[in-house]
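**Student:** Below is the structure I would like to discuss, written out as structure tokens.
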Amino acid sequence: MTANEELSAATDNLSSWLEIDGTTFDANVRSMLAMLQGKALLCAVIKSDAYGHGADLLLPFLVASGVPYIGIGTNAEAGLARAHGFNGRLLRVRAAAPQEIRAGLAHGIEELVADPQSAWEMSRIAAAEERTLRVHLDINSSGISRHSLDVSSPLGRASAVGIVSHPQLELAGIMTHFPQDDVDHVKHALSRFKSESHAILHEAGIPRRDVLLHAANSFAALNVPTAWLDMVRTGAALYGDSDPGHAMFQRCMTFKARIGSVNGYPAGSGVGYGLTHTLATDSRLATVTVGYGDGYRRSLGRRGNVLVRGQRVPVVDIISMNSMVVDVSSVRDVRPGDEVVLFGGQDGGKITVGELEAANAAILADLYTVWANRARVLAADATV
């Protein structure tokens, strides 16, 4: 059985599914490594099940690429990385509760710290296990005010020095996170970050060479090379979620469903709950086997488009829990069982990031991380 036949057979019992192209993901990772040219480390972020792309599918590519750091959100993701043979360093990219930190020691997770109470708790946990815990001090240089220590005052800097001086904590890095995809914002915040981080190291008596400074997310890594510093933390770009100016990073996800039925209706017929759409002409309407219960948001009703036989067709109802209605009057020979593409490409057609974000009034990650919670994630090609 060929790979395409295996994929087809795997979808027979599914109403909707995500196809993930591992080869494209691998190319994106290697493009990022090539761009960095060894001038900065790469922390490949796989939080939220690899942004909904399936960490279990993609971790083999990261291990094979030799990335030195992987960014995780949960202990389960850390355990999965270790199970796939990743022996590098793991960075949790959010604040963790003490219970998580204690359980995560077994995986060698490096934790974020940004307040004296958390630092004390981490030190106590590490001491109980007779070990040292690597931490990354998160400071608020970017102004994000989310789990980040304000060190703009002498009191704030004193708190930072106190945090990094705990005997059971090893300062592995100092970091911040840019809240705006804007070059001027990044440059301004970067200047502040470098000044504040160097002041902390000086006052704590810690050599600069012993600590990683890192701030760049995907946007900053691609658009502000001076923000690379010692390491970049990229997630979105590795999955192809980057601006059009960086075409080397390609999408590796396609969201699919099927046609459930096709029927003809006369002009003047109402469509869907609330009869929110009225047919202007005699039309052929098809139900699609996906709805808001599967993560295809109601906000996309009467605003979104999908692909059927490579042609764009509009969603004409407000979307039900497990189905929706599209107008296929312009497409010949549509039959039950035909594949429908809700995001991605089909026979030359494409449903783009921009149009889904505009219709949903939110970033695409707001959609695809939810899709993965309901739709089965399948490899669209051979894995490593």
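First residue of the sequence shown? That's 1203 in the working numbering, and the numbers climb one at a time after it.
Virtual Cβ for every residue (Gly too), placed ideally from N, Cα, C.
Source: prediction; values computed, not measured.
Please determine, among THR1378, PRO1427 and SER1393, the residue with the shortest C-alpha to C-alpha distance to LEU1414.
**Tutor:** THR1378
**Student:** Run through DSSP, which three-state label would PHE1451 get?
**Tutor:** coil
**Student:** With a 10 Å radius around its C-beta and 16 neighbouring C-beta atoms as the bar for buried, classify GLY1407 as buried or exposed.
**Tutor:** exposed
**Student:** Taking C-beta to C-beta, are LEU1371 and VAL1337 nearer than 7 angstroms?
**Tutor:** yes
**Student:** Using 8 angstroms as the cut-off, can you tell me whether the segment 1529 to 1539 makes contact with the segment 1484 to 1493, which would need three or more C-beta pairs spanning the two stretches below that distance?
**Tutor:** Yes: at least three Cβ pairs fall under 8 angstroms.
**Student:** Tell me which residues share the same chain as VAL1586 and place their Cβ nearer than 7 angstroms to its Cβ, disregarding the 5 neighbours each side in the sequence.
**Tutor:** Below a pLDDT of 50, predicted positions are generally treated as unreliable, and VAL1586, at 48, falls in that range; the measurement from the model is reported next regardless. The residues are PRO1262, PHE1263 and ALA1266.
**Student:** Would a C-beta distance cut-off of 7 angstroms place VAL1247 and GLY1273 closer than the cut-off?
**Tutor:** yes
**Student:** Taking just the CA atoms, how far does GLU1313 sit from ALA1429?
**Tutor:** Cα to Cα, ALA1429 sits roughly 22 angstroms from GLU1313.
**Student:** To which residues of the same chain is ASP1214 closer than 7 angstroms at the C-beta, ignoring the five residues directly before and after it?
**Tutor:** none
**Student:** Does DSSP put THR1585 in a helix, in a strand, or in coil?
**Tutor:** Residue confidence is low: THR1585 scores 48 on pLDDT, short of 50, so the model does not pin down where it sits. Its coordinate-derived value is still stated next. The answer is coil: DSSP assigns THR1585 none of H, G, I, E or B.
**Student:** Counting pairs of beta carbons, one from the segment 1549 to 1558 and one from the segment 1463 to 1482, are three or more of them closer than 8 angstroms?
**Tutor:** no
**Student:** Taking the C-alpha atoms as reference points, what is the distance between TYR1271 and GLY1281?
**Tutor:** 14 angstroms
**Student:** In three-state terms, what does DSSP make of HIS1309?
**Tutor:** helix
**Student:** By how many angstroms is the C-alpha of GLY1472 removed from the C-alpha of LEU1259?
**Tutor:** Their backbone Cα atoms lie some 43 angstroms apart in a straight line.
**Student:** Which residue from ASN1230, THR1480, PRO1300 and GLY1512 puts its Cα closest to that of ARG1326?
**Tutor:** PRO1300
**Student:** Could you tell me which residues DSSP puts in a beta bridge with ASN1465?
**Tutor:** Partner residues in the beta bridge of ASN1465, as assigned by DSSP, are LEU1487.
**Student:** Between which two residues does the alpha helix (DSSP H) containing MET1324 stretch?
**Tutor:** 1318 to 1330
**Student:** Could you pull out every unbroken beta strand (DSSP E) segment of at least 3 residues lying fully inside the segment 1399 to 1451, listed in chain order?
**Tutor:** 1414 to 1418 and 1433 to 1436
**Student:** Taking the alpha-carbon positions, what's the ILE1365 to GLU1331 distance?
**Tutor:** 19 angstroms
**Student:** Short of 6 angstroms in beta carbon distance, which residues of its chain neighbour MET1433, apart from the five on each side in sequence? Order them along the chain.
**Tutor:** ALA1242, LEU1243, CYS1245, LEU1414 and HIS1416
**Student:** Assuming VAL1508 contacts VAL1542 (C-beta within less than 8 angstroms), just tell me the rounded distance between them.
**Tutor:** 5 angstroms
**Student:** Among all the DSSP beta bridges, which residues are the ones paired with GLU1372?
**Tutor:** ARG1336
**Student:** What does DSSP give as the partner residues of ALA1246 in its beta bridges?
**Tutor:** ILE1272 and THR1436
**Student:** Between which two residues does the alpha helix (DSSP H) containing VAL1366 stretch?
**Tutor:** 1356 to 1366
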